[in-house]
Amino acid sequence: MMEQKNYFVEKKMILMLGEYNRFGKLCARVMAGTSAFLVDRAPLQVLDDTLTYIGFDLKGATTGAKVVLDRKAKCPIIVNPYLGICLFPTKSPKKADCIWFNPEHIEKTTAMGNKTIVELSNGYTMIIESKLAAFNDKIEKARQLIHLSTKRGKQPDTSSYEHTPPIDHQLTKEKSGKYNFDTLGNL
Numbered sequence: 001m002m003e004q005k006n007y008f009v010e011k012k013m014i015l016m017l018g019e020y021n022r023f024g025k026l027c028a029r030v031m032a033g034t035s036a037f038l039v040d041r042a043p044l045q046v047l048d049d050t051l052t053y054i055g056f057d058l059k060g061a062t063t064g065a066k067v068v069l070d071r072k073a074k075c076p077i078i079v080n081p082y083l084g085i086c087l088f089p090t091k092s093p094k095k096a097d098c099i100w101f102n103p104e105h106i107e108k109t110t111a112m113g114n115k116t117i118v119e120l121s122n123g124y125t126m127i128i129e130s131k132l133a134a135f136n137d138k139i140e141k142a143r144q145l146i147h148l149s150t151k152r153g154k155q156p157d158t159s160s161y162e163h164t165p166p167i168d169h170q171l172t173k174e175k176s177g178k179y180n181f182d183t184l185g186n187l
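Laid out in structure tokens, this is it:
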């Protein structure tokens, strides 16, 4: 089976996880629809490639998600805001066995002891090393991120995010035509 050189995350992508190829290189195993294939890029590289292609980057998407959700770790990220694609990690994204799920393709979750059975949109199921409540919380956070980001993008509420500097810290143009940079020393 051949590896794909590149891949951009698309709506039909169900999940992606790290898998080492026959040379020991970390690649991305992608499940899209009823097919699965290996991409010659690590999962985080696939995410960054997708974001960079549309003018964003993984660092910005991660930082933005943390701010919107007020979380510090294992945040979902919006991989394509134009298509509304949001993915969430099952564990630290730095771990090779982290699985990135698209919540739109999760049909049902069921507890199986300390694990979770995940029913996917393509008719397949997976057993995940995560308690049901923790896994469902990740799904909910991903849905919350896409909802809040879309809402904020369509109707920005600038009153909740202050950008205006205080009046006493403004540089103004004086009658002489020069800006009052000398006030900087007075702060």
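Last residue of the sequence shown: 187 in UniProt numbering, with the numbers rising by one and none dropped.
Virtual Cβ for every residue (Gly too), placed ideally from N, Cα, C.
Predicted, not measured: the structure shown is a model, and the values here were computed from it.
Contacting residues, own chain, Cβ-Cβ under 7 Å from residue i (five flanking each side not counted)
i, result
"residue 80", "9, 50, 54"
"residue 26", "18, 20, 42, 96"
"residue 118", "106, 109, 125, 126, 128"
"residue 178", "none"
"residue 163", "In this prediction, residue 163 scores a pLDDT of 48, lower than 50, which makes its location untrustworthy; the coordinate-derived value is nonetheless stated afterwards. Correct list: empty, nothing qualifies."
"residue 37", "4, 30"
"residue 63", "none"
Spatial neighbours of residue i in its chain, beta-carbon cut-off 6 Å, leaving aside the 5 residues before and after
i, result
"residue 99", "15, 17, 90"
"residue 172", "180"
"residue 111", "132"
Limits of the unbroken alpha helix (DSSP H) element including residue i
i, result
"residue 139", "132-154"
"residue 50", "43-53"
"residue 59", "58-69"
Where the beta strand (DSSP E) through residue i begins and ends
i, result
"residue 73", "That residue, residue 73, is in no beta strand (DSSP E); it is neither H nor E in DSSP."
"residue 171", "Run containing residue 171: none; DSSP gives neither H nor E here."
"residue 20", "13-20"
"residue 120", "115-120"
"residue 93", "Element bounds for residue 93: n/a, residue is neither H nor E."
"residue 107", "106-112"
"residue 34", "Run containing residue 34: none; DSSP gives neither H nor E here."
"residue 87", "85-89"
"residue 8", "First-last for residue 8: undefined, no H or E at that position."
"residue 23", "Taken as a continuous stretch (DSSP letters only), residue 23 belongs to no beta strand (DSSP E), as it is neither H nor E."
"residue 101", "99-101"
Nearest residue (CA-CA) to residue i, options the options
i, options, result
"residue 115", "104, 58, 133, 84", "133"
"residue 139", "106, 120, 126, 57", "106"
"residue 45", "59, 181, 82", "59"
"residue 124", "111, 65, 29, 35", "35"
"residue 131", "147, 122, 121, 113", "113"
"residue 68", "176, 149, 180", "149"
"residue 3", "30, 11, 13, 66", "30"
"residue 101", "182, 74, 82", "74"
"residue 83", "176, 24, 147", "147"
"residue 145", "176, 182, 88", "88"
"residue 137", "182, 71, 155", "71"
Residue i vs residue j beta-carbon contact at 8 Å
i, j, result
"residue 127", "residue 135", "no"
"residue 141", "residue 93", "no"
"residue 152", "residue 103", "no"
"residue 85", "residue 65", "no"
Cβ shell of residue i (< 8 Å), same chain only, five flanking positions each side left out
i, result
"residue 189", "With the chain covering 1 to 187 only, the question about residue 189 has no answer from this structure."
"residue 57", "48, 51"
"residue 203", "This structure does not reach residue 203, given that the chain is present from 1 up to 187, and the question cannot be answered."
"residue 174", "180"
"residue 28", "7, 16, 17, 18, 19, 38, 39, 41, 42, 43, 45, 46"
"residue 22", "none"
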